[in-house]
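Since the structure comes first, as C-alpha cells, the remarks are kept for the end.
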Amino acid sequence: MNSMKIPRRSFLKSTIIASVATLTLPEIALASIPSMKQKKTLLKNNAVILFQGDSITDAGRSKTEGKPNHAGALGSGYAFLASANLMGSYPEKSLKIYNRGISGNKVYQLADRWERDTIEIQPDVLSILIGVNDFWHMMNGTYKGTLETYRNDYRNLLSLTKAKLPNVQLIIGEPFALKGTSVKPDWFPLFHDYRAVAREIANEFNATFIPYQQIFDKALELAPVSYWAPDGVHPSIAGAQLMAGSVLQVFRK
Numbered sequence: 083m084n085s086m087k088i089p090r091r092s093f094l095k096s097t098i099i100a101s102v103a104t105l106t107l108p109e110i111a112l113a114s115i116p117s118m119k120q121k122k123t124l125l126k127n128n129a130v131i132l133f134q135g136d137s138i139t140d141a142g143r144s145k146t147e148g149k150p151n152h153a154g155a156l157g158s159g160y161a162f163l164a165s166a167n168l169m170g171s172y173p174e175k176s177l178k179i180y181n182r183g184i185s186g187n188k189v190y191q192l193a194d195r196w197e198r199d200t201i202e203i204q205p206d207v208l209s210i211l212i213g214v215n216d217f218w219h220m221m222n223g224t225y226k227g228t229l230e231t232y233r234n235d236y237r238n239l240l241s242l243t244k245a246k247l248p249n250v251q252l253i254i255g256e257p258f259a260l261k262g263t264s265v266k267p268d269w270f271p272l273f274h275d276y277r278a279v280a281r282e283i284a285n286e287f288n289a290t291f292i293p294y295q296q297i298f299d300k301a302l303e304l305a306p307v308s309y310w311a312p313d314g315v316h317p318s319i320a321g322a323q324l325m326a327g328s329v330l331q332v333f334r335k
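Residues in the sequence shown are numbered from 83 upward in steps of one, following the working numbering.
See the structure below:
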C-alpha cells in the first residue's frame, strides 16, 4: 500500500484553517485585535448577573416581571441570548440573571434609577452598555450633553456603584455604530471619542471591556450592515447573537 506524503507547508496550512474553523466569530474578532488583553470575569456559584443599558439591552423586555431568569423579562436581544447560553452551559451554578435596560436611556437616566434597578438587586456581575444615546441625542438636538458630560456621568455612576457594591465585577460594553439607515457619516470621527471614553472608564474601574465596535467591524467582512444592524445601532437577530457570543467570551469558571 503506497502512502501519500503531504508537504509540510500544506499540512500546516490545513491545520491552521481547521483550527480557525472551530472558533466563533467573537473569538476570531478578539484574536484579531493585537492590543486586546481581555480581563476575564469569574463566574461563581449562585452568581447574580445584571444587564444594564439602553434599547440594545432592553430589546422589548417585560417591565412588569421582576423575577430572574424569566424569558420575557430578559427581552429578545443579546441579554436573553447570553443568559440562555450561560444557564444552559452552567446549570450547576444556579445563576440568577436580570435585565434592567431601558430604551432611550443615557448615563444620567441610569443614575436616576440606579438604586432601584441595580443596587437593590445586589449583582455579583454587572454588565453595562451605554453611550450611543448620549451621542445620538446630542447629534439630533434633543440633548445638550457633551463628551465630558458622558465621561463625568459614567465615572460618577461607577464610583457610586463601587461604594455600594465593592465586590461587584464590572463588564463595560463599548458603544458601537455602523453606517446604516440611522447612522450618518457626520457621526464620525466624534463618535469614536465616546468609544474611547468607555474603554478609559473600564480601565479606571478595572472592568472587563467588550470591544463591540471592533467585533462588528470584523463581522462586516462577512456580511453587510443590513445583516448585523440595519439602522447601524440596533442589532438584528444575527447581531444580537454576535454580541451574546462576545459576552460569553469574557467569563471564566
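Quick reminder that beta carbons are idealized off the backbone N, C-alpha and C, glycines included.
Just so we're clear, the structure is a prediction, and the values are computed from it rather than from any experiment.
- Per DSSP, GLY148 has no beta bridge partner at all.
- For ASN181, the enclosing beta strand (DSSP E) covers residues 178 to 181.
- In the three-state reduction of the DSSP assignment, SER209 falls in the strand class.
- The count of Cβ pairs closer than 8 Å, one atom from the segment 139 to 153 and one from the segment 215 to 233, stays below three, leaving the stretches out of contact.
- Excluding sequence positions up to five before and after LEU239, its CB lies within less than 8 Å of the CB of VAL189, LEU192, ALA193, TRP196, all in the same chain and listed in chain order.
- Around THR123, the same chain offers VAL207, GLN251, ILE253, THR290, VAL332, PHE333, ARG334 as residues with beta carbons nearer than 8 Å, after the five sequence neighbours per side are excluded.
- The shortest CA-to-CA distance from ILE203 to any of ASN187, ARG182, ASN215, LEU156 is the one to ARG182.
- Boundaries of the beta strand (DSSP E) around ILE292: 290 to 292.
- Between the segment 278 to 288 and the segment 228 to 239, the count of Cβ pairs shorter than 8 Å is three or higher; the stretches touch.
- Within the same chain, Cβ atoms closer than 8 Å to the Cβ of MET169 are found at ASN151, LEU177, ILE179, the five residues on either side in sequence being excluded.
- If the five residues before and after ALA155 are omitted, its C-beta is found closer than 8 Å to the C-beta atoms of ARG143, SER144, GLU147, GLY148, LYS149, TYR180, ASN181, all from its own chain and listed in chain order.
- With respect to the 9 Å criterion, GLY159 and ILE131 are not classified as neighbours on the basis of their beta carbons.
- Taking C-beta atoms as the reference points, VAL329 and SER185 fail to come closer than 9 Å.
- Minimum Cα-Cα distance from MET325 among the listed residues LEU163, ASN127, PRO306 corresponds to LEU163.
- Spanning the alpha carbons of TYR276 and TYR172 requires a straight line of approximately 34 Å.
- In this structure, GLY314 places its C-beta atom within 9 Å of the C-beta atom of LEU260.
- Secondary structure in the segment 182 to 257: the alpha helix (DSSP H) runs of 4 residues or longer, each lying completely within the stretch, are 189 to 194, 196 to 199, 214 to 221, 229 to 246 in chain order.
- When the alpha-carbon of TRP269 is set against those of GLU174, ASP216, LEU125, the nearest one is in ASP216.
- Burial of ILE292 is indicated by the presence of at least 16 other C-beta atoms within 10 angstroms of its C-beta.
- Take the alpha-carbon of LEU272 and the one of LYS175: they are about 42 Å apart.
- Here the alpha carbons of ALA141 and PHE133 stand approximately 11 Å from one another.
- In this structure, DSSP gives LEU260 a state outside helix and strand, which the three-state scheme calls coil.
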